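Beneath this line is the structure, given in structure tokens, with notes to follow.
Numbering (my numbering), first residue to last: 18 to 436.
Quick look at the structure:
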């Protein structure tokens with residue numbers, strides 16, 4: 018199998034080098050998690066590649082380019098075409114099955130894979146949301162730009178076995194540039210993924226532009242109130258990361274907040290008192306079989322929808338509860354209270370670890386270790402208590418070099434200066 022794969026890679030490289038590059042052709046690959054999160058060209062605000070793509074589409078100069086976009090739901094192609102036509106009927110945009118850079122990880126037909134590969138061969142630039150791709154077959158006249166998807170929080174360097182050393186070498190040869198939110202972030206991600214530090218550009222994440230600018234969210238708010246069954250006026254979003262070590266254990270289910278034995282009705286009463294809702298956005302890789310299913314009023318599980326995404330919710334949220342997810346660093350840009358739910362921090366530290374130690378120094382908010390502390394922190398947040406604003410500002414300046422909503426423009430000024 019390894020020999021066949023090697024032969025295949027050589028053939029792919031030869032073919033790519035035989036196909037001339039079109040300087041006006043661009044290739045976009047959204048994050049693979051868009052498949053489960055239902056993020057796409059229409060519901061785009063939570064993915065860096067999709068935000069950049071929409072920014073380009075809404076410029077008059079979009080007609081200058083031939084645009085190729087990988088998609089994860091082919092049943093929606095007609096909706097995508099209608100969306101593009103509504104923006105500008107003269108835009109040339111082709112939708113492709115996701116496969117380039119991950120030939121052995123996607124179940125697509127050979128015909129679709131061949132067509133997508135040919136389109137990639139023609140592209141002068143390719144934008145991805147993550148570095149988990151093999152573009153070692155690219156030619157020098159092609160630029161591969163990783164727009165990024167996280168700011169370091171968890172330890173990603175030690176998450177794999179020794180095969181990761183080979184992966185890092187492949188990654189270094191695959192990408193020409195990688196976008197980060199700060200110099201510190203760039204240095205750590207460089208170690209994690211193998212992309213040399215000199216290939217990083219600190220420009221900020223496109224999705225954070227929309228997080229800061231706070232688009233009209235009244236439709237989403239009305240939908241939340243309808244689902245909750247009462248008029249919700251305060252919103253807290255819970256964004257836990259997944260646990261690599263969680264498996265199904267008979268009779269040992271934990272609550273969705275992490276605790277095995279806790280009275281969620283107590284939290285429900287507090288939420289209802291303030292006309293608030295706690296919206297739980299689970300990680301796409303979370304093992305849901307370890308979670309208890311019954312939730313009282315006021316505690317809502319965000320169900321993936323093509324209408325809106327996580328960053329739409331965060332843009333109008335009054336606060337966030339999180340644990341070890343890097344979304345926290347993005348949320349610092351809106352300077353709202355954060356609660357850190359560290360119910361299993363010692364186990365997580367042992368199994369996965371963190372990018373920084375002591376991690377508590379970077380946590381600008383209430384840190385809770387048990388359910389009663391969580392209840393008190395939520396009550397304080399809803400009552401308007403906020404003693405960590407200055408700490409948040411300091412950490413945000415450390416992890417977000419730019420505090421504005423111009424990240425997408427900065428990226429375009431460098432890589433798409435025709436617009």
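We put the beta carbon where it would ideally sit given N, CA and C, even for glycine.
Small disclaimer: the values here were computed from a predicted structure and weren't measured.
Legend entry - Sub-8 Å separation of residue 336 and residue 313 beta-carbons: Here residue 336 corresponds to residue number 319 of the chain shown, with the count starting at 1. Here residue 313 corresponds to residue number 296 of the chain shown, with the count starting at 1. Judged by beta-carbon spacing, residue 313 lies beyond the 8 Å limit of residue 336, meaning their Cβ atoms are not closer than that value.
Inset, instruction - Could you say if the stretch 205 to 219 and the stretch 166 to 173 meet the contact criterion of at least three C-beta pairs nearer than 8 Å? - result: Yes: the two stretches touch, three or more of their Cβ pairs being nearer than 8 Å.
Inset, instruction - Check whether the Cβ atoms of residue 234 and residue 329 lie closer than 8 Å to each other. - result: The count along the chain shown starts at 1 and reaches residue 234 at position 217. The count along the chain shown starts at 1 and reaches residue 329 at position 312. Going by C-beta atoms, residue 234 is nearer than 8 Å to residue 329.
Inset, instruction - Using 10 angstroms around the beta-carbon of residue 317, count the other beta-carbons present and answer buried if the total reaches 16, otherwise exposed. - result: In the chain shown, the residue the question calls residue 317 occupies position 300. A residue is called buried when at least 16 other Cβ atoms come within 10 angstroms of its Cβ; residue 317 meets this threshold and is buried.
Legend entry - Length of the line joining the Cα atoms of residue 188 and residue 163: On the chain shown, position 171 is the one that residue 188 refers to. On the chain shown, position 146 is the one that residue 163 refers to. For residue 188 and residue 163, the gap between their C-alpha atoms comes out near 11 Å.
Inset, instruction - Kindly indicate which three-state DSSP category residue 151 falls into: helix, strand or coil? - result: The sequence position of residue 151 within the chain shown is 134, counting from 1. In this structure, residue 151 counts as coil in the three-state DSSP scheme.
Legend entry - Alpha-carbon to alpha-carbon, residue 242 and residue 236: On the chain shown, position 219 is the one that residue 236 refers to. On the chain shown, position 225 is the one that residue 242 refers to. So the two alpha carbons sit approximately 10 Å from each other.
Legend entry - DSSP beta-bridge partners of residue 111: Here the question's residue 111 lines up with position 94 in the chain shown. Partner(s): 85.
Inset, instruction - Using the Cα positions of residue 304 and residue 361, report the straight-line distance between them to the nearest angstrom. - result: Counting from 1 along the chain shown, the entry for residue 304 is found at position 287. Counting from 1 along the chain shown, the entry for residue 361 is found at position 344. With a pLDDT of only 47 at residue 304, under 50, the local geometry of the prediction cannot be trusted, and the value read off the model is given with reservation. About 16 Å.
Legend entry - Runs of alpha helix (DSSP H) lying entirely within the stretch 177 to 228, each at least 4 residues, in chain order: The DSSP assignment places complete alpha helix (DSSP H) segments of no fewer than 4 residues inside the stretch 177 to 228 at 180 to 191 and 200 to 210, in order along the chain.
Legend entry - Cβ-Cβ distance between residue 154 and residue 29 below 8 Å: Within the chain shown, numbered from 1, the residue matching residue 154 stands at position 137. Within the chain shown, numbered from 1, the residue matching residue 29 stands at position 12. For the 8 Å CB-CB criterion, residue 154 and residue 29 form a contact.
Legend entry - Proximity below 8 Å, CB of residue 254 to CB of residue 131: Counting from 1 along the chain shown, the entry for residue 254 is found at position 237. Counting from 1 along the chain shown, the entry for residue 131 is found at position 114. Not in contact: residue 254 and residue 131 (Cβ atoms no closer than 8 Å).
Inset, instruction - Enumerate in chain order the residues of its own chain whose CB-to-CB distance from residue 37 is below 8 Å, with the five nearest sequence positions on each side excluded. - result: Taking the first residue of the chain shown as position 1, residue 37 is located at position 20. Excluding sequence neighbours, residue 37 sits near 139.
Inset, instruction - Sort out for me which residues DSSP pairs residue 450 with in a bridge. - result: For the chain, the structure presents residues 18 to 436; residue 450 sits outside this window and is missing.
Legend entry - residue 255, DSSP secondary structure in three states: As a position in the chain shown, residue 255 is number 238, starting the count at 1. Residue 255 falls in the strand class under three-state DSSP.
Legend entry - With 16 other Cβ atoms within 10 Å as the buried cut-off, status of residue 290: Looking up residue 290 in the chain shown gives position 273. With a threshold of 16 other beta carbon atoms within 10 Å, residue 290 falls short and is exposed.
Legend entry - Any chain B beta carbon closer than 8 Å to residue 203: The chain labelled as chain B is not found in the depicted structure, where only one protein chain is given.
Legend entry - Inter-stretch contact (C-beta, 8 Å, three-pair minimum) for the stretch 182 to 196 and the stretch 215 to 222: In the pairwise beta carbon analysis, the stretch 182 to 196 is classified as touching the stretch 215 to 222: at least three pairs are separated by under 8 Å.
Inset, instruction - For residue 56, count neighbouring C-beta atoms within 10 Å of its own C-beta (all shown protein chains included) and say buried if the count is 16 or more, exposed if not. - result: Locating residue 56 in the chain shown gives position 39, counting from the first residue. Counting Cβ neighbours within 10 Å, residue 56 comes out buried, since at least 16 surround it.
Legend entry - Strand pairing of residue 437, partner residues [DSSP]: In this structure the chain extends from 18 to 436, so residue 437 is not present and cannot be described.
Inset, instruction - Identify whether residue 160 lies in helix, strand or coil by the three-state DSSP scheme. - result: Your numbering for residue 160 matches position 143 in the chain shown. In the structure shown, residue 160 sits in a strand (DSSP, three-state: E or B).
Inset, instruction - Check the DSSP bridge columns for residue 143 and list the partner residues they point to. - result: If you number the chain shown from 1, residue 143 lands on position 126. As DSSP reads the structure, residue 143 sits in a beta bridge with 44 and 161.
Legend entry - Cβ neighbour criterion (16 or more within 10 Å) applied to residue 87: Counted from its first residue, the chain shown places residue 87 at position 70. Looking at its Cβ environment, which holds 16 or more other Cβ atoms inside 10 Å, residue 87 is buried.
Inset, instruction - List the endpoints of the continuous alpha helix (DSSP H) containing residue 284. - result: Position 267 of the chain shown, counted from the first residue, corresponds to residue 284. From DSSP, the alpha helix (DSSP H) with residue 284 extends over 281 to 290.
Legend entry - Own chain partners of residue 221 with C-beta closer than 6 Å, once the 5 adjacent residues on each side are dropped: Here residue 221 refers to the residue found at position 204 when the chain shown is read from its first residue. Apart from sequence neighbours up to five positions away, the residues of its chain that approach residue 221 with a beta-carbon distance below 6 Å are 198, 419 and 424, ordered along the chain.
Legend entry - Contact check, residue 108 vs residue 84, beta carbons under 8 Å: Your numbering for residue 108 matches position 91 in the chain shown. Your numbering for residue 84 matches position 67 in the chain shown. Going by C-beta atoms, residue 108 is nearer than 8 Å to residue 84.
Legend entry - Beta-carbon contacts of residue 110 that lie in its chain and below 7 Å, excluding the five residues immediately before and after: Locating residue 110 in the chain shown gives position 93, where the first residue counts as 1. Closer than 7 Å at Cβ, skipping near neighbours: 84, 86 and 101.
Legend entry - the stretch 363 to 372 touching the stretch 389 to 404, judged by at least three CB pairs closer than 8 Å: No, they do not touch.
Legend entry - Cβ-Cβ distance between residue 48 and residue 115 below 8 Å: By one-based count along the chain shown, residue 48 stands at place 31. By one-based count along the chain shown, residue 115 stands at place 98. The Cβ atoms of residue 48 and residue 115 lie no closer than 8 Å to each other.
Legend entry - C-alpha distance - residue 89 paired with residue 161, whole-angstrom precision: Position 72 of the chain shown, counting from 1, holds the residue named residue 89. Position 144 of the chain shown, counting from 1, holds the residue named residue 161. Taking the straight line joining both Cα atoms gives about 20 Å.
Legend entry - Given 8 Å, three or more beta-carbon pairs between the stretch 401 to 421 and the stretch 281 to 299: By the Cβ test, the stretch 401 to 421 is not in contact with the stretch 281 to 299, since fewer than three Cβ pairs between them sit closer than 8 Å.
Legend entry - Assigned secondary structure, residue 339 (DSSP; H/G/I helix, E/B strand, else coil): Position 322 of the chain shown, counted from the start, is the residue given in the question as residue 339. Strand.
Inset, instruction - Would you mind reading off the limits of the alpha helix (DSSP H) that contains residue 406? - result: Working through the chain shown from its first residue, we reach residue 406 at position 389. Taken as a continuous stretch (DSSP letters only), the alpha helix (DSSP H) holding residue 406 covers 406 to 416.
Legend entry - Contact set for residue 414: own chain, Cβ-Cβ below 8 Å, skip 5 residues either direction: Within the chain shown, numbered from 1, the residue matching residue 414 stands at position 397. Excluding sequence neighbours, residue 414 sits near 420.
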